[in-house]
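Asker: To start, I am sharing the structure in question, which I have written as structure tokens.
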Amino acid sequence: MAAATETFYEVIRRQGITRRSFVKFCNLTAASLGLGPIAAAEMAEALETKPRTPVIWMHGLECTCCSESFIRSAHPLVKDVVLSMISLDYDDTIMAAAGHQAEAILEETKQKYKGQYILAVEGNPPLNEDGMFCIDGGKPFVEKLKWMAEDAMAIIAWGACASWGCVQAAKPNPTQATPIDKVIKNKPIIKVPGCPPIAEVMTGVVTYITTFGRLPELDRQGRPKMFYSQRIHDKCYRRPHFDAGQFVESWDDDGARKGYCLYKMGCKGPTTYNACSTTRWNGGVSFPIQSGHGCIGCSEEGFWDKGSFYDRLTTITQFGVERNADQVGGAVAGVVGAAVAVHAAATAVKRLTGKPTEKTDA
Amino acid sequence: MGIQTPNGYTLDNSGKRVVVDPVTRIEGHMRVEVNVDDQNVIRNAVSTGTMWRGIEVILKNRDPRDAWAFTERICGVCTGTHALTSVRAVENALKIDIPENANTIRNIMQLTLQVHDHLVHFYHLHALDWVDVVSALSADPKATSELAQSISSWPLSSPGYFKDLQARLKKFVESGQLGPFKNGYWGHPAYKLPPEANLMAVAHYLEALDFQKEIVKIHTIYGGKNPHPNWLVGGVPCAINVDGTGAVGAINMERLNLVSSIIDQTLAFCEQVYLPDVQAIGSFYKDWLHGGGLSGTSVMAYGDVPEHANDYSPKSLKMPHGVIVNGNLNEVFPIDHADPAQIQEYVTHSWYKYSDESKGLHPWDGVTEPNYVLGPKAKGTRTNIEELDEGGKYSWIKAPRWKGHAVEVGPLARYVVGYVQKRPEFKEPTDRFLSALGLPLTALFSTLGRTAARALECVWAAQQMRYFQDKLMASIKAGDLSTANTDKWKPESWPKEAKGVGFTEAPRGALAHWIKIKDGKIDNYQCVVPTTWNGSPRDPKGNIGAFEASLMNTPMADPKLPLEILRTIHSFDPCLACSTHVMSADGQDMATVTVR
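See the structure below:
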């Protein structure tokens, strides 16, 4: 990246952060990503030798919950992400510039950082009405999105909107709101679903890419395995009550007050792949089930159209849950072609960023 | 020359046209066009909502108990307030009473949102219109410390603290990678703060960024996550168990202590950082009293934060209720959401179609049919708009009116209503703020006044969080653990047909949802939200809405650098994802939407 002049490490050192704090930061970040001490050392090395990666954060049809979630990150603090870890050169939700001054940044980034910036997309483009259900700078958002995608190194699809379509794409999808991988075909896209995704998952994905210089390993649906490879139910602290047949039968009943399993209240934990029951929310304070409401499955594709949030899942049986939920999950391991495509995409990023290609145990 | 609007503005579009698109530091997508005269004073203003999602269409035929989750996704910034409005609408339709504890916990969650939203809005979406980040680099840290200590007892105020912060900022700027501060309007003549005040404000920008994530943990405790916590028709989903088997799986003493501790910190931040900052910054801008718009003549507040469960009468509501029109501050009218003659929406200048566009429709009877056409004088093409024609259709926002009046909603509207009702909790802090700046009451009707009202309200809301958390503790102590009423949980217990309305005060202003339920499913759903009121285009009579009115007659230093426009538009805290919505009318199928 010839265009940038300074490494992350140089920047934070100049900002008065000690080497000791820097190493500690790498260890904490690695730990929050579920990685070991070797990865922490690798991360430190990457941060010492790489400049801050430009990030362009665009908004289509959305509700801004992804941005709001991102700023909740406890580790790393979003302040440190923005000042020291990435260069968030365009984000219409927080940027100082507007109008022409904002648009000029996109033009400049495309030229100056061709093939070197990350495009982060929150929301999705509507295709009906010539795309004019979402107008940005007088033009359809979808045009701007494709234009910025052309020269991006990689693309992050934030949240359920960019990944799957989310609420505006629920039936009958009046605007034809469309997930971004349906309009951008030639770039690696990493999906970080959820409505919104967990803050530390979002900053974890960003720091993983900027420090290791490659996409994290993705599943067949394009999600990082490190956060999305297991069901809420697999790691739920109420799971023993499920296994013991102890259920909440009605809101605020004796079972609810004892923290029994919410399966009968419609909990979608058994079919939802996300990190909520382990990473939890807002610095680990709680997650939906811990606060008494079932999981609504917000990181799953089309979760708005799978019946009421209070309908009991009928696709799982109490003790055969693993086998059955695997089927619901879409035969995760079985689709070789898709896995190869994902691997190819990840390799392309490695090539673009010029990083060594040896595999880590990430 | 110019056109006279019924609500008292003279519009003249003969001067140079200035376009700002995208308007940044807002929620969603928005465009502003103005005409300036040869003195660069704004003589015509056009505000456009540039997105449309159709959430209410999507709600048709769904389970009313799920509606809160859909409508919550209208907005992730005012997260939870649509959900609360939705469960209230459903409960109103089905005549469901909620337990006292559920009302208290909902109030705490709603107040938590108010505080969080106001803080983040001021520091992260609005401050850069008042604060010059680059100027902070030339501040004297010692003088900054003296300034900070003269206005507040907030402990992070030593010369060393500001020196370190300045060093970090300097090195960030020198790196050449300015991130979100890139291409800002630094050095613009409309910035009035001395370097020291700028440095203090930048410090608090970063502190507020760190702190805001703590406030929302209250949502996480009671609602499981934030953004987008969980809600429940009939109460709240979290159960209380402070003294029995399995209490660790419920709201217990540890959870209640955590809430309490966050409330203490929140109150301290609002009282010792936010309000003193706004007062200090305001003291340098007291000559810049533009942007009042409709605030001195036509304002509306529905009221919110019911003291008593299930009592939404003005007497029970701790936030003011009422509407003021035609500048008559001596009379506050009550609002009836169910009266078809009071709240109506017009589409003459919106990208929708009515059979008779000279008339407005009440939300229960509304029609939405998208109709994206540009007016004859628009410049550019339909997919590359250069200039809009406000004589034709020009926004995805409808034009709601109260008895035909365009009104402003939001913190300033609430404070104006509370002030003229002589409620001391609103009047006295307002008077104190104005007298500290040596300003008359009329100064309140301005961009500065709107900004001040938000800060005053934030402190009020933090105090109310304390009040309701104490109330919850007292209730638990008295033995009441109830958090949900499940008598009418099952659709079999519902009438064949029902309709209801729920309302709240979102951070940005008055919000209401109207619902019709038929055979256990949503037959019709409609939201009229704060930014629909504030960002409204013109109506058939030519009345302009609050955004447009607020920009009128504001001088710009340089029309190419639209700082003054941003400052005033941001003072409303616009939320465009909220404002641009749609409903399907009785029996009308949404097949009318073109699918290509």
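Line by line, the protein sequences are chains Z and L. Letter by letter, the first sequence follows residues 1 to 362 of my numbering. Letter by letter, the second sequence follows residues 1001 to 1596 of my numbering. Each residue gets a CB set at the ideal place from its N, CA and C atoms; glycine is no exception. If you're wondering where the values come from, they're calculated on a predicted model, not measured in any experiment.
Against chain Z, does Trp1396(L) count as a neighbour if the rule is that its beta carbon must be under 9 Å from one of theirs?
Answerer: Within the second sequence, residue 1396(L) is the residue found at index 396, counting from 1. So, interface residue.
Asker: Is the beta carbon of Leu61(Z) less than 9 Å from the beta carbon of Gly138(Z)?
Answerer: For this step, residue 61(Z) is matched to residue 61 along the first sequence. For this step, residue 138(Z) is matched to residue 138 along the first sequence. Cβ atoms of Leu61(Z) and Gly138(Z): not closer than 9 Å.
Asker: Report yes if the CB atom of Tyr237(Z) is closer than 9 Å to the CB atom of Ile289(Z), and no otherwise.
Answerer: By one-based count along the first sequence, residue 237(Z) stands at place 237. By one-based count along the first sequence, residue 289(Z) stands at place 289. Yes, they are a contact pair.
Asker: Are the CB atoms of Gly1375(L) and Tyr1346(L) nearer to each other than 9 Å?
Answerer: As a first step, residue 1375(L) is located in the second sequence; it is residue number 375 there, counting from the start. As a first step, residue 1346(L) is located in the second sequence; it is residue number 346 there, counting from the start. Going by C-beta atoms, Gly1375(L) is not nearer than 9 Å to Tyr1346(L).
Asker: Start and end of the alpha helix (DSSP H) containing Asn1101(L)?
Answerer: Position 101 of the second sequence, counted from the first residue, corresponds to residue 1101(L). That run of the alpha helix (DSSP H) goes 1100-1120.
Asker: Could you give the distance in angstroms between the alpha-carbon of Tyr260(Z) and the alpha-carbon of Leu215(Z)?
Answerer: The count along the first sequence starts at 1 and reaches residue 260(Z) at position 260. The count along the first sequence starts at 1 and reaches residue 215(Z) at position 215. Roughly 38 Å between the two C-alpha positions.
Asker: Have a look at Gly1637(L) and Arg1088(L) and give me their C-alpha separation to the nearest angstrom.
Answerer: Any property of residue 1637(L) remains undetermined from this structure, which presents chain L solely from 1001 to 1596.
Asker: Can you name the residues of chain Z whose CB is closer than 9 Å to the CB of Ile1042(L)?
Answerer: Sequence index remark: in the second sequence, residue 1042(L) carries index 42 (1-based). Result: empty, since nearest Cβ-Cβ is about 15 Å, beyond 9 Å.
Asker: Quick one: any contact between the stretch 1005-1012 of chain L and the stretch 1544-1555 of chain L, if contact means 3 or more CB pairs under 8 Å?
Answerer: yes
Asker: Mind checking who Ile1522(L) pairs with in its DSSP beta bridge?
Answerer: Within the second sequence, the letter at position 522 stands for residue 1522(L). Beta-bridge pairing links Ile1522(L) to Ile1517(L).
Asker: When the distance is taken between beta carbons, is Leu313(Z) closer than 9 Å to His293(Z)?
Answerer: Indexing the first sequence from 1 puts residue 293(Z) at position 293. Indexing the first sequence from 1 puts residue 313(Z) at position 313. For His293(Z) and Leu313(Z), no; Cβs fall outside 9 Å.
Asker: Can you have a look at Thr18(Z) and say buried or exposed, based on whether 16 or more other CB atoms are within 10 angstroms of its CB?
Answerer: Indexing the first sequence from 1 puts residue 18(Z) at position 18. Thr18(Z) is exposed by the Cβ-count criterion.
Asker: Contact criterion: CB-CB distance below 9 Å. Does Gln1177(L) meet it with respect to chain Z?
Answerer: The residue given as residue 1177(L) occupies position 177 in the second sequence. True, the Cβ-Cβ gap to chain Z drops below 9 Å.
Asker: Using a beta-carbon distance cut-off of less than 7 Å, what residues from the stretch 244-269 of chain Z approach chain L?
Answerer: Residues of the stretch 244-269 of chain Z with a Cβ closer than 7 Å to any Cβ of chain L, in chain order: Ser250, Trp251, Asp252, Ala256, Arg257, Lys258, Gly259.
Asker: State yes or no: is the C-beta of His1349(L) within less than 9 Å of the C-beta of Gly1392(L)?
Answerer: Taking the second sequence and counting its residues from 1, one reaches residue 1349(L) at position 349. Taking the second sequence and counting its residues from 1, one reaches residue 1392(L) at position 392. In this structure, Gly1392(L) lies closer than 9 Å to His1349(L) by Cβ.
Asker: What does the alpha-carbon distance come out to for the pair Cys1270(L) and Thr1024(L)?
Answerer: Looking up residue 1270(L) in the second sequence gives position 270. Looking up residue 1024(L) in the second sequence gives position 24. Near 25 Å, if we compare the C-alpha coordinates of Thr1024(L) and Cys1270(L).
Asker: Assign Gly1449(L) to one of three DSSP states: helix, strand, or coil.
Answerer: By one-based count along the second sequence, residue 1449(L) stands at place 449. In this structure, Gly1449(L) counts as helix in the three-state DSSP scheme.
Asker: In this structure, how does DSSP classify Asn1330(L) when only helix, strand and coil are distinguished?
Answerer: Reading the second sequence from its first residue, position 330 is the one you call residue 1330(L). If DSSP states are grouped into helix, strand and coil, Asn1330(L) belongs with coil.
Asker: Alpha carbon to alpha carbon, how far is Arg1538(L) from Tyr9(Z)? Give it in angstroms, no decimals.
Answerer: The residue labelled residue 9(Z) in the question sits at position 9 within the first sequence. The residue labelled residue 1538(L) in the question sits at position 538 within the second sequence. If you take the alpha carbons of Tyr9(Z) and Arg1538(L), they lie about 54 Å apart.
Asker: Could you work out which residue in Lys112(Z), Thr64(Z), Pro76(Z), Arg72(Z) is closest to Asp91(Z) when comparing CA atoms only?
Answerer: Here the question's residue 91(Z) lines up with position 91 in the first sequence. Among Lys112(Z), Thr64(Z), Pro76(Z), Arg72(Z), the Cα nearest to that of Asp91(Z) belongs to Thr64(Z).
Asker: Taking Cβ positions, are Ile1277(L) and Ala1453(L) nearer each other than 9 Å?
Answerer: As a first step, residue 1277(L) must be located in the second sequence, where it is residue number 277. As a first step, residue 1453(L) must be located in the second sequence, where it is residue number 453. Contrary to the premise, residue 1277(L) reads as Asp rather than Ile in this sequence. Not closer than 9 Å, so no.
Asker: Where does Met1051(L) fall in DSSP's three states?
Answerer: What you label residue 1051(L) is simply residue 51 of the second sequence in a count that begins at 1. Strand, per DSSP.
Asker: Just checking: is the beta-carbon of Leu1128(L) within a distance shorter than 9 Å of some beta-carbon in chain Z?
Answerer: Position 128 of the second sequence, counted from the first residue, corresponds to residue 1128(L). Yes, Leu1128(L) lies at the interface with chain Z (some Cβ there is under 9 Å from its Cβ).
Asker: Going along chain Z in order, which residues have a C-beta closer than 9 Å to the C-beta of Ser1350(L)?
Answerer: In the second sequence, residue 1350(L) corresponds to position 350, counting from 1. The contacting residues do not exist; Ser1350(L) stays about 13 Å from chain Z at best.
Asker: With burial defined as no fewer than 16 other Cβ atoms inside 10 Å of the residue's Cβ, what is the status of Trp147(Z): buried or exposed?
Answerer: In the first sequence, counting from the first residue as 1, residue 147(Z) sits at position 147. Flag for Trp147(Z) reads exposed.
Asker: So with CB distances below 8 Å, who are the chain L contacts of Val285(Z)?
Answerer: Looking up residue 285(Z) in the first sequence gives position 285. Neighbours of Val285(Z) on chain L, chain order: Lys1217, Thr1220, Ile1221, Leu1258.
Asker: Run through the DSSP bridge pairs and tell me what Gly1502(L) is partnered with.
Answerer: In the second sequence, counting from the first residue as 1, residue 1502(L) sits at position 502. His1513(L).
Asker: Is there a Cβ from chain Z that is less than 9 Å from the Cβ of Ser1482(L)?
Answerer: For the purposes of this step, residue 1482(L) is taken as the residue at position 482 of the second sequence. Yes, Ser1482(L) counts as interfacial toward chain Z.
Asker: Can you list, in chain order, the residues of the stretch 1547-1575 of chain L whose Cβ is nearer than 7 Å to any Cβ on chain Z?
Answerer: Within the stretch 1547-1575 of chain L, the qualifying residues are Pro1562, Leu1566.
Asker: By how many angstroms is the C-alpha of Asp1117(L) removed from the C-alpha of Val1077(L)?
Answerer: Your numbering for residue 1077(L) matches position 77 in the second sequence. Your numbering for residue 1117(L) matches position 117 in the second sequence. Between Val1077(L) and Asp1117(L), the C-alpha separation is close to 7 Å.
Asker: Where do the N-terminal and C-terminal ends of the beta strand (DSSP E) with His59(Z) fall, by residue?
Answerer: Residue mapping note: residue 59(Z) aligns to position 59 of the first sequence, counting from 1. That run of the beta strand (DSSP E) goes 53-59.
Asker: Rounding to the nearest angstrom, what Cα-Cα distance links Pro1195(L) and Gly1410(L) in this structure?
Answerer: For the purposes of this step, residue 1195(L) is identified with residue 195 of the second sequence, where counting begins at 1. For the purposes of this step, residue 1410(L) is identified with residue 410 of the second sequence, where counting begins at 1. Those two C-alpha atoms are separated by around 31 Å.
Asker: Between the stretch 1137-1155 of chain L and chain Z, which residues of the former have a C-beta closer than 8 Å to a C-beta of the latter?
Answerer: none
Asker: Could you tell me which chain L residues have their CB closer than 8 Å to the CB of Met132(Z), listed as they occur along the chain?
Answerer: Walking along the first sequence from the start, residue 132(Z) turns up at place 132. Within chain L, the residues near Met132(Z) are Tyr1372, Arg1382, Thr1383.
Asker: Please classify Met1253(L) as buried or exposed, where buried requires at least 16 other C-beta atoms within 10 Å of its C-beta.
Answerer: Here residue 1253(L) refers to the residue found at position 253 of the second sequence. Burial call: exposed.
Asker: Under a Cβ-count criterion, where at least 16 other Cβ atoms within 10 Å of its own Cβ denotes burial, should Thr1447(L) be classed as buried or exposed?
Answerer: If you number the second sequence from 1, residue 1447(L) lands on position 447. The residue is buried, with at least 16 neighbouring Cβ atoms inside 10 Å.
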